[in-house]
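S.K.: Starting off with a structure, shown below.
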Amino acid sequence: MSQTSFVPLSELAGRVADGSSLALGGSFLHRGPFAFVRELIRQGRRRLEIIKQSPGYDIDILCRAGAVARTRAGIVAMEGNFGLAPYYRRAVETGQIVLEEHACASLTAGLRAAAFGVPFQPCGGLHGSALPGLNGWQALPDPYGSDELTYVIPRIAPDFAVIHANEVSEQGDARVFGTSHWDRIMTRAAKRVLVIAEKRVPVEAFRQRPELTLVPHFMVEAVAVVPQGAWPGSCWPHYEVDYPAVEAYLADGDEALQAHLDHAPEAREVARV
Amino acid sequence: MSEAWSPFGYIVTNLARFIRPHEVTFSGVNSTLPMLACLLAKRAYPFEFTYINVAGGVDPVPSAIPISSSDPVLAEGSASIFANEDSYDLCTRGRMDLCFLGAAQVDGQGQTNVSCIGDWHHPKVRLPGGGGGAVMLPTARRAVTWRTEHSRRTMVEKLDFLTAAGGMHGVVTPIAVFVQRDGRLALQSWHPQSSLDEVRARTAFAFDSTGAAPTPPPTPEEAAALRALDPDGRFERDAGIVLRKEAAA
């Protein structure tokens, strides 16, 4: 694989064509690639598929902007005191987007299938749930003779995994602090990996603690360094959720959405240049 | 106790009472009340247990109590990061002792719907969705859920959609605690300001109430722990839970 490129956020988002499928890192309001998501909206991207175990703000704002055609998701909410993700909810209820409802673990199983290079992956549980019937998932008998039936989930290979990392090295290695949420399996399952990072640090820092690296550089196609890029969510240990900003985002109307986009750190950064 | 037991405190405390010594207990996303229950149990009960959460924390010592139950502060002071995949795999291989799982509707067998109100393909309300339940409810050793509204539309005879089978071990609402008995939810106790008749009237499924009695009030340790977790009542206000609808007017 060729060398990792360092590009502006606009160019990173520009690599995603209309109709692409995107696995987005993080969970709910925490360490999501939210500046990237907003940039997709600014560029008018359409017909995207969003793949994520626990999306919230990201899928909500993309639905609000009309950028989504389809999603595979486990649990969708704004979380905290905000409850349901209102624009996502409306998009499903009105048929604006097509939902493939998963359990978080069944979505992970599909991503694992892609990561492991096999067409499907067993997933524990699911027995008795109506989700397998809804999605056409098959249960297979154990070929080695136990009486257990196990559901198998078809491969999920997103066009892109897009994650927000705490740090990248100058050669494109990426690491996160705290939980990796679902980022690890997403980066192994996707065809291409894009990284947004809080900051760039010398590769020497990575060499001192290689076990902290989540994605080695040869898997990373391109990086944009965007400080505060997970706003209005948190990026541990740099900053916490900006709850007033999430509340302001949830106000009705196109003006509220535009004000939110204009108020984002990456937009203010561009305005200053 | 002299003052009324708030429905918020009732749910948190009774969720905590499901936690047992030396077990592994998990709380997930969208789960503020179970998060508080786990933190309450750590403070109030004289036994050890392992508290793992969706922020990757393993027996964390958070410097603040977060609004979001997946906030990274819940991994502060943790000696390891147990990522989401780890928690699910622990559960499916049968080693998760107690798992707190959300639900919009619960039926008499303790099965849950977190997917939709109305028909799945044309939902009146699209709910958060599958999440942990479909995999964790049938594979956890015990799972417990909570409802902040106890009504015939949340405690239902028939689910609008069967998201997760396997059956809850326990259910806590503002007025009642149910436990599983012979594959059905049975009433264990009711809020001291409620009654068996009220629980029956507000529950759409039939249930056994043999041996049920008013819930024992919070111990001084439980009450003190909850006060310490929510000293200014912010969580209680945010939760906005009422004993019964009339009381909200």
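Which chain is which? The protein sequence lines are A and B, in order.
Letter 134 of the first sequence, counting from 1, is numbered 137 in our numbering, and no numbers are missing.
Letter 83 of the second sequence, counting from 1, is numbered 155 in our numbering, and no numbers are missing.
Glycine is no exception: its CB is placed at the ideal position from the N, C-alpha and C atoms.
Within 9 Å of any Cβ in chain B, is that where the Cβ of A/Gln124 sits?
M.R.: Here residue 124 of chain A is taken as the residue at index 121 of the first sequence, counted from 1. Answer no: the Cβ-Cβ gap between A/Gln124 and chain B never drops below 9 Å.
S.K.: Please list, in chain order, all residues of the same chain as A/Met81 whose beta carbon is under 6 Å from its beta carbon, the five residues on each side excluded.
M.R.: Numbered from its first residue, the first sequence carries residue 81 of chain A at position 78. Correct list, in chain order: Gly59 and Ala88.
S.K.: Quick one: residues in its chain with C-beta nearer than 7 Å to the C-beta of B/Asp158, no 5 flanking neighbours on either side, listed in chain order?
M.R.: The residue labelled residue 158 of chain B in the question sits at position 86 within the second sequence. If we look at B/Asp158 and ignore the five residues flanking it on each side, it has no Cβ neighbours.
S.K.: Is the Cβ of B/Lys317 closer than 9 Å to any Cβ of chain A?
M.R.: Position 245 of the second sequence, counted from the start, is the residue given in the question as residue 317 of chain B. B/Lys317 does not count as touching chain A.
S.K.: With 16 other CB atoms within 10 Å as the buried threshold, where does B/Thr122 fall?
M.R.: Along the second sequence, read from residue 1 onward, the residue named residue 122 of chain B stands at position 50. The residue in question, B/Thr122, is exposed, as its Cβ has fewer than 16 Cβ neighbours within 10 Å.
S.K.: Mind checking the region 161 to 183 of chain A against chain D and listing, in chain order, the residues whose C-beta falls within less than 8 Å of any C-beta there?
M.R.: Of the chains in the structure shown, none is chain D; the protein chains are A and B.
S.K.: By alpha-carbon positions, which one of A/Pro125, A/Phe221 and A/Ala225 ends up nearest to B/Val24?
M.R.: Absent from the model: residue 24 of chain B. The displayed extent of chain B is 73 to 321, so no value can be given.
S.K.: What does A/Val79 touch in chain B if you count any residue whose Cβ is under 7 Å from its own?
M.R.: Working through the first sequence from its first residue, we reach residue 79 of chain A at position 76. Near A/Val79 (Cβ distances below 7 Å), the residues of chain B are Pro200 and Gly201.
S.K.: Is it buried or exposed, B/Gln252, if we count other Cβ atoms within 10 angstroms and call 16 or more buried?
M.R.: Position 180 of the second sequence, counted from the first residue, corresponds to residue 252 of chain B. That one is buried.
S.K.: Counting contacts by CB-CB distance shorter than 9 Å, is A/Thr190 in contact with chain B?
M.R.: As a position in the first sequence, residue 190 of chain A is number 187, starting the count at 1. Judged by the 9 Å Cβ criterion, A/Thr190 is not in contact with chain B.
S.K.: What number of angstroms, rounded off, separates the C-alpha of B/Thr97 from the C-alpha of B/Cys163?
M.R.: If you number the second sequence from 1, residue 97 of chain B lands on position 25. If you number the second sequence from 1, residue 163 of chain B lands on position 91. Near 10 Å, if we compare the C-alpha coordinates of B/Cys163 and B/Thr97.
S.K.: Rounding to the nearest angstrom, what Cα-Cα distance links B/Arg306 and A/Thr111 in this structure?
M.R.: The residue given as residue 306 of chain B occupies position 234 in the second sequence. The residue given as residue 111 of chain A occupies position 108 in the first sequence. Those two C-alpha atoms are separated by around 35 Å.
S.K.: Mind pulling the alpha helix (DSSP H) runs of 4 or more residues that sit fully within the region 110 to 148 of chain B?
M.R.: Those alpha helix (DSSP H) runs which fall completely within the region 110 to 148 of chain B and span 4+ residues do not exist here.
S.K.: When you compare each of B/Val126, B/Glu308 and B/Ala296 to B/Cys171 by their alpha carbons, which one comes out closest?
M.R.: For the purposes of this step, residue 171 of chain B is identified with residue 99 of the second sequence, where counting begins at 1. Out of B/Val126, B/Glu308 and B/Ala296, B/Val126 has the C-alpha closest to the C-alpha of B/Cys171.
S.K.: Determine the burial state of A/Glu104: buried for a count of at least 16 other Cβ atoms within 10 Å of its Cβ, exposed for fewer.
M.R.: Within the first sequence, residue 104 of chain A is the residue found at index 101, counting from 1. A/Glu104 is buried by the Cβ-count criterion.
S.K.: Along the chain, where does the alpha helix (DSSP H) that runs through B/Ala237 open and close?
M.R.: As a working mapping, residue 237 of chain B is identified with position 165 in the second sequence. No alpha helix (DSSP H) holds B/Ala237; DSSP gives it neither H nor E.
S.K.: Roughly how many angstroms lie between the CA atoms of A/Ala254 and A/Arg92, to the nearest whole one?
M.R.: Your numbering for residue 254 of chain A matches position 251 in the first sequence. Your numbering for residue 92 of chain A matches position 89 in the first sequence. Using only the alpha carbons, I get a separation of about 15 Å.
S.K.: Which chain A residues sit within Cβ distance under 9 Å of B/Gln234?
M.R.: Within the second sequence, the letter at position 162 stands for residue 234 of chain B. The amino acid at residue 234 of chain B is misidentified as Gln; the sequence shows Leu. What B/Leu234 touches in chain A: Gly131, Ser132, Ala133 and Leu134.
S.K.: Whole beta strand (DSSP E) runs in the region 140 to 202 of chain A with 3 or more residues, listed along the chain?
M.R.: 141 to 144, 152 to 157 and 163 to 172, all fully within the region 140 to 202 of chain A.
S.K.: Would a check of beta-carbon distances place B/Cys110 closer than 9 Å to chain A?
M.R.: Indexing the second sequence from 1 puts residue 110 of chain B at position 38. B/Cys110 does not count as touching chain A.
S.K.: Could you list which residues in chain A have their beta carbon closer than 7 Å to that of B/Trp192, in chain order?
M.R.: Locating residue 192 of chain B in the second sequence gives position 120, counting from the first residue. Within chain A, the residues near B/Trp192 are Leu137.
S.K.: The beta strand (DSSP E) that contains A/Glu52, what's its start and end?
M.R.: The residue labelled residue 52 of chain A in the question sits at position 49 within the first sequence. A/Glu52 -> beta strand (DSSP E) spans Leu51 to Lys55.
S.K.: Within 10 angstroms of the Cβ of B/Leu291, are there 16 or more other Cβ atoms? Answer buried if so, exposed if not.
M.R.: Walking along the second sequence from the start, residue 291 of chain B turns up at place 219. In the sequence as displayed, the identity of residue 291 of chain B is Thr instead of Leu. With fewer than 16 Cβ atoms within 10 Å of its Cβ, B/Thr291 is classed as exposed.
S.K.: Grouping DSSP H, G and I as helix and E and B as strand, with all else coil, what is B/Leu259?
M.R.: Within the second sequence, numbered from 1, the residue matching residue 259 of chain B stands at position 187. Of the three classes helix, strand and coil, the one that applies to B/Leu259 here is strand, per DSSP.
S.K.: What is the C-beta distance between A/Pro36 and A/His167, in whole angstroms, given that I count them as a contact (C-beta under 8 Å)?
M.R.: Residue numbering aside, residue 36 of chain A sits at position 33 when the first sequence is read from its first letter. Residue numbering aside, residue 167 of chain A sits at position 164 when the first sequence is read from its first letter. Sure, about 4 Å apart at Cβ, within 8 Å.
S.K.: By the 8 Å beta-carbon criterion, what residues does the region 103 to 123 of chain A contribute toward chain B?
M.R.: From the region 103 to 123 of chain A, only Glu104, His105, Ala106, Cys107, Ala108, Ser109 and Thr111 have a Cβ closer than 8 Å to chain B.
S.K.: Could you tell me if the beta carbon of B/Ala175 falls within a distance shorter than 8 Å of some heavy atom in the ligand MG?
M.R.: Among the components of this structure there are no ligands whatsoever, and the ligand MG is therefore not found.
S.K.: If you drop the 5 nearest sequence neighbours on each side, which residues of the same chain put their C-beta closer than 8 Å to that of A/Asp176?
M.R.: Looking up residue 176 of chain A in the first sequence gives position 173. Taken in chain order, the residues that qualify are Val206, Phe209, Thr216, Val218, Pro219, His220 and Val223.
S.K.: For the region 12 to 36 of chain A, which residues have a CB atom closer than 7 Å to at least one CB atom of chain B, in sequence order?
M.R.: Taking 7 Å as the Cβ-Cβ cut-off against chain B, the residues of the region 12 to 36 of chain A that qualify are Ser30, Phe31, Leu32 and His33.
S.K.: Spatial neighbours of B/Gly204 within its chain, please: C-beta separation below 6 Å, excluding the five flanking residues on both sides.
M.R.: Position 132 of the second sequence, counted from the start, is the residue given in the question as residue 204 of chain B. So the qualifying residues of the chain are Gly100 and Leu173.
S.K.: When we look at the beta-carbon of B/Ala284 and count the other beta-carbons within 10 Å, is it buried (16 or more) or exposed?
M.R.: In the second sequence, counting from the first residue as 1, residue 284 of chain B sits at position 212. It is buried - the Cβ of B/Ala284 has at least 16 other Cβ atoms within 10 Å.
S.K.: In the DSSP output, which residue or residues are listed as bridge partners for B/Thr97?
M.R.: For the purposes of this step, residue 97 of chain B is taken as residue 25 along the second sequence, with counting starting at 1. DSSP, once it has assigned bridges, lists B/Tyr123 and B/Leu170 as partnering B/Thr97.
S.K.: For A/Ala270, I'd like the list of residues in its chain whose CB is within less than 7 Å of its CB, leaving aside the five on either flank, ordered along the chain.
M.R.: By 1-based counting over the first sequence, the position of residue 270 of chain A is 267. Excluding positions up to five away in sequence, the list reads Leu264.
S.K.: If the cut-off is 7 Å on Cβ atoms, which residues from the region 83 to 97 of chain A count as contacting chain B, listed in chain order?
M.R.: Listed by position, the residues of the region 83 to 97 of chain A near chain B (Cβ gap below 7 Å) are Gly83, Asn84, Leu87, Arg92, Val95 and Glu96.
S.K.: Is any beta-carbon of chain B found at less than 9 Å from that of A/Glu243?
M.R.: Against the first sequence, residue 243 of chain A aligns to sequence position 240. True, the Cβ-Cβ gap to chain B drops below 9 Å.
S.K.: Could you tell me if B/His94 is buried or exposed, where buried requires 16 or more neighbouring beta carbons within 10 angstroms of its beta carbon?
M.R.: The count along the second sequence starts at 1 and reaches residue 94 of chain B at position 22. It counts as exposed.
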